[in-house]
Structures are given as structure tokens and as C-alpha cells.
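Please read the structure below before turning to the comments.
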Amino acid sequence: MTADPVQPPFPGFDLPGFIGMMSRFVQGPEQAMRVYRELLGLEGGSREKSVDFMAQLARGSGLDARPLFEVVLRWGPSDTARVAAAAYLAAEGREDSVLEALESLQPPLLTMTLLNGLVDALATRPATPARVQRLLAFGRRFEDDARYTTLLLGNFSGRDVKRAIRRAIAESLLRRDAPDAAEWPRG
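Counting from 1, position 43 in the sequence shown corresponds to residue 281 in our numbering; the numbering is continuous, with no gaps.
Quick look at the structure:
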């Protein structure tokens with residue numbers, strides 16, 4: 239016994255073609271919702287990619303997206319989104335905003351991922367004496383042998399913080415004093 243094939247509602251109607259067209263029609267809004275949910279931090283995976291996408295979109299359309307990225311930097315849904323926002327702001331010449339966000343952090347809200355990302359964003363810019371002094375003051379807040387615990391149950395020492403700060407200062411001084419050498423390979 240074989241099943242009867244489904245008869246189309248009218249002759250010439252292509253059911254698989256219609257289903258394909260409808261799935262493509264629905265896929266667009268579904269993709270938009272996924273990107274929107276990632277931007278809000280409701281879906282994991284690649285939040286930093288969505289921040290990068292927003293940066294490209296803002297640059298391409300000529301919009302000033304710095305206020306948006308200021309908000310993401312300070313209250314972003316994840317460390318990676320905050321780091322991506324810091325990289326955008328530093329590239330736009332807003333290093334002081336990144337430094338202010340860094341200075342406002344303290345354990346347990348400060349994680350090594352966030353610290354390394356923020357100081358790496360600052361390291362991509364040439365140093366200024368004021369920025370170097372502010373980074374040094376931030377590093378001095380942490381005692382070498384003290385252990386600090388984060389909300390995510392990670393921990394780090396004051397030495398870890400100072401090592402990251404020292405690396406960022408060295409990189410930004412190199413960019414200021416020898417910009418050609420800053421692009422040379424490391425290691």
C-alpha cells in the first residue's frame with residue numbers, strides 16, 4: 239500500500255518552492271532577532287562580534303556611535319562586549335573614557351579578562367604622560383601578594399594586575415617613541 243501524493247491546491251502550484259520561499263522570508267526577521275538578542279547580551283557566543291558589527295555599521299553610515307559604546311563599556315552584558323567597546327572608543331580617540339572605566343573597577347567586578355582587554359585597548363594608542371601616571375596609580379591600588387576574587391569565582395593577584403599595566407605602558411610608550419618598531423613581530 240502506498241501513500242497518495244498530496245495534491246496541490248491548484249494545478250501548477252509548486253509546494254516545495256513555496257515552502258522554500260516562506261522559509262527564506264521568515265529567516266530574515268529571525269536573523270535580525272538573533273543579532274538584537276546578542277546585542278542585548280541575551281545570547282552568548284559572539285557578543286563582541288555584534289559590537290564590532292555595530293561599529294562597522296556606525297562608521298559606514300557616518301553616525302557618531304560613541305555614546306552607545308560608552309554605555310556598553312560601562313554597563314555591557316559581558317566582559318568581551320565591554321572590551322570590544324573599549325577597542326572602538328580607543329580607536330576613535332576616546333582613551334580617557336576607557337581609562338575612566340578601568341579606574342572605576344575594583345574586585346569583585348574586575349576580572350582579568352576585562353583588565354587585559356581594557357589595557358590592551360589603551361596599549362594600541364601612543365602614551366601621554368598623564369595616561370601613564372593614571373595607569374601607574376591604578377596599579378598601585380593592588381598589593382603584590384594579595385589575592386582578589388571576582389564575581390565569576392576567578393581570582394588574580396596584585397602582581398597579575400601590575401604585569402598587565404606594565405605591558406600596556408611599555409606598548410604605548412613604544413607606539414609613541416618608536417611607532418615603526420611597534421608593528422614588528424613579538425617573541
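From the three backbone atoms N, C-alpha and C, an ideal C-beta is built for every residue, glycine too.
All figures in this text were calculated on a predicted structure; none of them were measured in a lab.
Residue i, DSSP secondary structure in three states
{"i": "Ser395", "result": "strand"}
{"i": "Asp484", "result": "This structure leaves residue 484 out entirely; the chain is present only between 239 and 425."}
{"i": "Arg363", "result": "coil"}
{"i": "Asp252", "result": "coil"}
Alpha-carbon to alpha-carbon, residue j and residue i
{"i": "Ala323", "j": "Asp383", "result": "31 Å"}
{"i": "Leu340", "j": "Trp313", "result": "12 Å"}
{"i": "Asp418", "j": "Leu412", "result": "9 Å"}
{"i": "Asp219", "j": "Phe380", "result": "Outside the modelled stretch of the chain, which goes from 239 to 425, sits residue 219, for which no answer is possible."}
{"i": "Leu389", "j": "Asp252", "result": "56 Å"}
{"i": "Phe394", "j": "Tyr386", "result": "5 Å"}
{"i": "Tyr326", "j": "Leu337", "result": "13 Å"}
{"i": "Gln294", "j": "Leu373", "result": "29 Å"}
{"i": "Met309", "j": "Ile403", "result": "Checking the displayed sequence, the identity of residue 309 turns out to be Val instead of Met. Rounded to whole angstroms, Val309 to Ile403 spans 24 Å at the Cα level."}
{"i": "Asp317", "j": "Val357", "result": "13 Å"}
Distance cut-off 7 Å: residue i Cβ against heavy atoms of the ligand MG
{"i": "Asp302", "result": "No copy of the ligand MG occurs in the structure displayed, which carries no ligand at all."}
Three or more beta-carbon pairs under 8 Å between the stretch 360-376 and the stretch 345-352, yes or no? Not touching, per the Cβ criterion.
Output the residue ranges of the alpha helix (DSSP H) runs that lie fully inside the stretch 305-354 and measure 4 residues or longer, sorted by chain position. Fully enclosed alpha helix (DSSP H) runs of 4 or longer: 317-329 and 333-342.
At 3 residues or longer, what runs of the beta strand (DSSP E) sit wholly inside the stretch 367-425? 385-387 and 393-395
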